[in-house]
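Those protein sequences? They're chains A and B, same order as listed. Take the first sequence: its letters are residues 112 to 210, numbered as in the numbering used here. Take the second sequence: its letters are residues 3 to 308, numbered as in the numbering used here. Here the structure is laid out as structure tokens; the discussion comes afterwards.
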Amino acid sequence: KETFEGHQVLRITAKDEAQLALIKDMEEMVHLQLDFWRGVTDVATPVDVRVPFHSLQSVKRHLESLELEYLVMIQDLQVMLDEEKLEMESAARVAEPRN
Amino acid sequence: TESFDFSRYHTISEIYSFQDMLVAENPNLVSKIVIGQSYQGRPLNVLKFSTGGTNRPAIWIDTGIHSREWVTQASGTWFAKKIASDYGRDSALTAILDKMDIFVEIVTNPDGFYFTHNSNRMWRKTRKPNPGSSCVGVDPNRNWDAGFGGAGASGNPCSETYRGEKAHSEPEVKSIVDFVKSHGNFKAFVSIHSYSQMLLYPYGYTTTPVKDQAELHNLANKAITDLASLYGTRYRYGSIINTIYQASGGTIDWTYNQGIKYSYTFELRDTGRYGFILPANQIIPTAQETWLALMAIMDHTFKNPY
């Protein structure tokens, strides 16, 4: 089972078209294993990208070097997935007696 | 289905059971058609809502072609129940169903959906192995014969937007293609994704505007206005290539080129910061607001025969 411990989802905001192009370039950086949840569209729309733990430092350094603004949208993806799983399980337990 | 909990996420077997229950409860309205099998042999179920007649003009709705977009399968389940419940009660829907059929495919990528529950929550593609590569699966929204192989899709099997070896290589796609062609009378086709809050019409593979652009644009505006009336969720709208990015081999580009004028694709909500793991308490609000937009599209299709 694939887990996502330490993976973060970053929300990147471009100030202008030039910055947007820099984010677009990141889509080609295969070695970073980035997973674009919401890809590059326009300046008004932020880009969401899942970053594996092993790429986090490189990606953040890269963004900072290009003066690209970002915030951590999801701090630890696996924590959220675990919460979701628990929620599903507890809902299933509640549903059983009714059935 | 009265005890089905729409406010939580469900496994594929629970959704399959729901479909069978809905059919059993509404034998004069709902039937289940198996249009094919996924690569791993799961049935590709489509619920048909029909009040009679043969080969009536029809509306197609699919959810879950990208398996990790769980709010779409959950919304599709809600839509199915809503159609069954509202027939005979809601005058607009009743008028539509008295003249047209509605088809709903809730789990369009069942292998991927199963995989998201059991192995990798973030899985998006199909699960067919790619010869010569260790990477599995094809992006089923790049696998259609509409600008296939062009820009905006990848030829690398390890990419999330891998287009596949050839158009319609994926049984999940080919089954819809065959069904739509053999039916021959679809008038609207709505393919539902999440997230980023957009309502889009063709094209994605070319900047050439579709000949019905003005009408599709106005209808999209009406649909997103209706949608926003419930919770204020703001949507953007326009052609795929102008609103998101170039994407070749997409679903609704193919359906439009088949002559289905009212071809749309949704990106449902994430008003917050959850993306594909939108909390379950968002399912019903998402489905409710999307339903208003769907009704706008269905009603327009009904009132503007072609």
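Here a beta-carbon is modelled for each residue, glycine too, at the ideal position from N, C-alpha and C.
Where residue i meets chain B, residues with beta-carbon distance less than 8 Å
i	result
A/G150	I246, Y247
A/V158	Simply none; closest approach about 10 Å.
A/M184	R275, G277
A/R161	M124
Cα-Cα separation between residue i and residue j, rounded to whole angstroms
i	j	result
B/Y258	B/Y264	7 Å
A/E116	B/K305	52 Å
B/Y308	B/F188	11 Å
B/V73	A/W148	14 Å
B/L270	A/A155	18 Å
B/I25	B/P112	Looking at the sequence itself, residue 25 of chain B is Val, so the reference to Ile does not match. Whole-angstrom Cα-Cα distance: 20 Å.
B/A86	B/R238	30 Å
B/D147	B/Y205	13 Å
B/A282	B/Y197	14 Å
B/E217	B/E172	32 Å
A/E194	B/R10	13 Å
A/A203	B/K83	20 Å
B/D103	B/I299	14 Å
B/P179	B/T253	For the sequence presented, residue 179 of chain B should be read as Val rather than Pro. One C-alpha to the other measures close to 10 Å.
B/T3	B/S19	9 Å
B/D255	B/I243	11 Å
A/V141	A/L167	14 Å
A/H165	A/L143	8 Å
Residues that residue i contacts on chain B, provided the C-beta gap is smaller than 9 Å
i	result
A/I134	Neighbours of A/I134 on chain B: none; closest Cβ ~12 Å, over 9 Å.
A/R204	Within chain B, no residue comes near A/R204; the closest Cβ sits about 11 Å away, beyond 9 Å.
A/K171	In chain order: nothing, as chain B lies at least about 18 Å away.
Simplified DSSP state of residue i, which is helix, strand or coil
i	result
B/G240	strand
B/A190	strand
B/F6	coil
B/E162	coil
B/P173	helix
B/F181	helix
B/S265	strand
B/R91	coil
B/F105	strand
B/T208	coil
A/F147	strand
B/A60	strand
B/Y247	coil
A/H173	helix
Near the ligand NAP: residue i beta-carbon under 6 Å from a heavy atom
i	result
B/N306	The ligand NAP is not part of the structure shown, which contains no ligands of any sort.
Residues bridged to residue i (per DSSP)
i	result
B/N47	B/V36
A/T227	The structure shown does not extend to residue 227 of chain A, since chain A spans only 112 to 210, so no value can be given for it.
B/V138	B/P131
A/R161	A/V120, A/D146
A/I185	A/V120
Under 7 Å by beta carbon: chain B residues contacting residue i
i	result
A/D193	Per Cβ cutoff of 7 Å: no residues; A/D193 is ~10 Å from chain B at best.
A/D146	M124, E162
A/V120	G277
A/E113	S121, N122
Proximal residues to residue i (C-beta, below 8 Å), its chain only, five neighbours per side dropped
i	result
B/R70	G114, T118, R123, M124, W125, R126, F278
B/K34	Q21, D22, V25, N47, V48, L49, K50
A/V120	W148, D159, V160, R161, V162, V183, M184, I185, L188
Chain-ordered chain A contacts of residue i [CB-CB under 7 Å]
i	result
B/F8	Ordered by position in chain A, no residue passes the 7 Å Cβ test against B/F8, which lies about 11 Å from the chain.
B/F20	The premise fails here: B/F20 is roughly 13 Å from chain A at the closest Cβ pair, so nothing lies under 7 Å.
B/R123	L192
B/Y11	M199
B/S198	R149
Cutoff 7 Å; reference residue i; Cβ partners in own chain excluding five residues on either side
i	result
B/T315	Residue 315 of chain B falls outside the range modelled here, since chain B spans only 3 to 308, and no answer is possible.
A/L192	F115
B/Y89	L31, L95, T96, L99
B/T273	T235
7 Å Cβ cutoff, residue i in contact with chain E
i	result
A/M140	This model lacks chain E altogether; the protein chains it does include are A and B.
Under 8 Å from the C-beta of residue i: neighbouring residues of chain A
i	result
B/A282	E195, E198, M199, A202
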